[in-house]
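Enquirer:
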């Protein structure tokens, strides 16, 4: 019988294409900007676009650029001030600034979508060989094996971009439905195989319908034209669309987020091998992380604990960090935790 393996993904799983919360030195010559800095860079690109494309950019587009720039700068500057957009949004939540939260989420959703499309719809290069290794063909369709599940704290769609390379899909909604991914913009999956705990950026919703920014705007060799095309999307975001149902955070205990957490707990309950990639267990996710790890740790009697195993793939993982995680989440010594500092490819456990 195949062993149940669950992948838990954090920001490090998308770091080739998307920024981390802090700037990272890749080598002696290259420094990757922080998340907040990257948002400000995109704001500056829009500002320069208005100046250099006076013929292509009409007055209405210039107003849209001003609106985009203002929203991105507000998000970028505060993401730097609070170290991450998540922490900034939580601070707004604590202050009861609900209107600001919705606007900031729209700016965050817009930034992530534009950033990923500017990379010609290419995902982090590690996703495709990883999926090529685990996917199987069943009834003439590519499927994720039944013994493999994926939980992600990432609100990007790097995984979905990679999955789109293995089947021809007409829309983003088709990808979500086919691979049983939550949140789903068309159906409420009772048992999903892939759960984005924070939701997915790039999805707009109102009382009548849902739309996505994914794939509907094609990659373009002219990135300036692509940036202009995205102004239409940003305008849509501001007109009777809501991102809160689909882009949410650990501390937002709404019904939708609760459903995702319950799905994830059911997945963890049957997990024997947990592979954690690029996730640092930040403080603001801790309550949910405790809920997720509890069924993995405590649903097995003492005789079964030795069958459980955790792999942590992170370039900075060390024994002191492992001991901290054991104490924080009550992980007994019987459960083996193996650190993996090589992040060239996503780890495939020998138990698969």
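Residue numbers (this note's numbering): 3 to 354. Note that beta-carbon positions come from the ideal geometry of N, C-alpha and C, so glycine has one too. Predicted model only: the values in this text are computed from it and were never measured.
Who pairs with residue 201 in a beta bridge, going by DSSP?
Expert: Paired residues: 249.
Enquirer: With residue 180 and residue 130 assumed to form a contact (beta carbons below 8 Å), what rounded beta-carbon distance in angstroms separates them?
Expert: Rounded, the Cβ-Cβ distance is 17 Å, inconsistent with contact.
Enquirer: Answer with buried or exposed for residue 349, where buried requires no fewer than 16 other C-beta atoms within 10 angstroms of its C-beta.
Expert: Buried, since its Cβ has 16 or more Cβ neighbours within 10 Å.
Enquirer: Could you check the C-alpha separation between residue 204 and residue 70 for me, to the nearest Å?
Expert: Roughly 15 Å between the two C-alpha positions.
Enquirer: Closest to residue 264 by C-alpha separation, out of 194, 316 and 319, would be which residue?
Expert: Closest by alpha carbon: 194.
Enquirer: Does residue 62 pass the burial test, meaning 16 or more other C-beta atoms within 10 Å, or should it be called exposed?
Expert: So residue 62 counts as exposed.
Enquirer: I'd like to know whether the C-beta atoms of residue 11 and residue 41 end up nearer to each other than 8 Å.
Expert: Cβ distance not < 8 Å, so residue 11 and residue 41 don't count as in contact.
Enquirer: Going by C-alpha distance, which of 224, 229 and 171 is nearest residue 49?
Expert: If we check each option's Cα against that of residue 49, 229 comes out closest.
Enquirer: How many angstroms separate the CA atom of residue 66 from the CA atom of residue 158?
Expert: So the two alpha carbons sit approximately 24 Å from each other.
Enquirer: Using DSSP bridges, identify the partner residues of residue 151.
Expert: 8, per the DSSP bridge assignment.
Enquirer: Taking the alpha helix (DSSP H) that residue 182 belongs to, which residues open and close that run?
Expert: That residue, residue 182, is in no alpha helix (DSSP H); it is neither H nor E in DSSP.
Enquirer: Please report the straight-line C-alpha distance between residue 332 and residue 122, rounded to a whole angstrom.
Expert: For residue 332 and residue 122, the distance between alpha carbons rounds to 43 Å.
Enquirer: With a threshold of 16 other CB atoms inside 10 Å of the CB of residue 92, please say whether the residue is buried or exposed.
Expert: Counting Cβ neighbours within 10 Å, residue 92 comes out buried, since at least 16 surround it.
Enquirer: Quick one: using the 10 Å Cβ neighbour count with 16 as the cut-off for buried, is residue 162 buried or exposed?
Expert: By the neighbour-count rule (16 or more Cβ atoms within 10 Å), residue 162 is buried.
Enquirer: Where do the N-terminal and C-terminal ends of the beta strand (DSSP E) with residue 276 fall, by residue?
Expert: 275–279 is the span of the beta strand (DSSP E), which, as asked, contains residue 276.
Enquirer: If you draw a straight line from the C-alpha of residue 217 to the C-alpha of residue 233, how long is it?
Expert: Model confidence at residue 217 stands at a pLDDT of 49, short of 50, so the residue's coordinates are unreliable; what they give is reported in the following sentence. When rounded, the distance between both Cα atoms is 16 Å.
Enquirer: How close, in whole Å, do the beta carbons of residue 89 and residue 326 come, if the pair is a contact with beta carbons under 8 Å?
Expert: Actually they do not touch by this definition, with Cβ atoms about 20 Å apart.
Enquirer: Would you kindly report the start and end of the unbroken alpha helix (DSSP H) that includes residue 272?
Expert: Taken as a continuous stretch (DSSP letters only), residue 272 belongs to no alpha helix (DSSP H), as it is neither H nor E.
Enquirer: Nearest to residue 149 by CA position, among 52, 197, 44 and 5, is which residue?
Expert: The residue with the shortest Cα to Cα distance from residue 149 is 5.
Enquirer: With 16 other CB atoms within 10 Å as the buried threshold, where does residue 317 fall?
Expert: Residue 317 comes out exposed.
Enquirer: Which class does residue 171 belong to by DSSP, given the choice of helix, strand or coil?
Expert: Residue state, collapsed to three classes: coil.
Enquirer: In the DSSP output, which residue or residues are listed as bridge partners for residue 34?
Expert: 26, per the DSSP bridge assignment.
Enquirer: Using 10 angstroms around the beta-carbon of residue 160, count the other beta-carbons present and answer buried if the total reaches 16, otherwise exposed.
Expert: Result: buried.
Enquirer: So for residue 336, helix, strand or coil by DSSP?
Expert: Here residue 336 sits in coil by DSSP.
Enquirer: Are the CB atoms of residue 324 and residue 9 nearer to each other than 8 Å?
Expert: For residue 324 and residue 9, no; Cβs fall outside 8 Å.
Enquirer: By Cβ distance below 7 Å, which residues in the same chain neighbour residue 125 in space, the five residues on each side in sequence not counted?
Expert: So the qualifying residues of the chain are 19, 160, 163 and 164.
Enquirer: Indicate whether residue 155 and residue 200 have their beta-carbon atoms separated by less than 8 Å.
Expert: Contact: yes.
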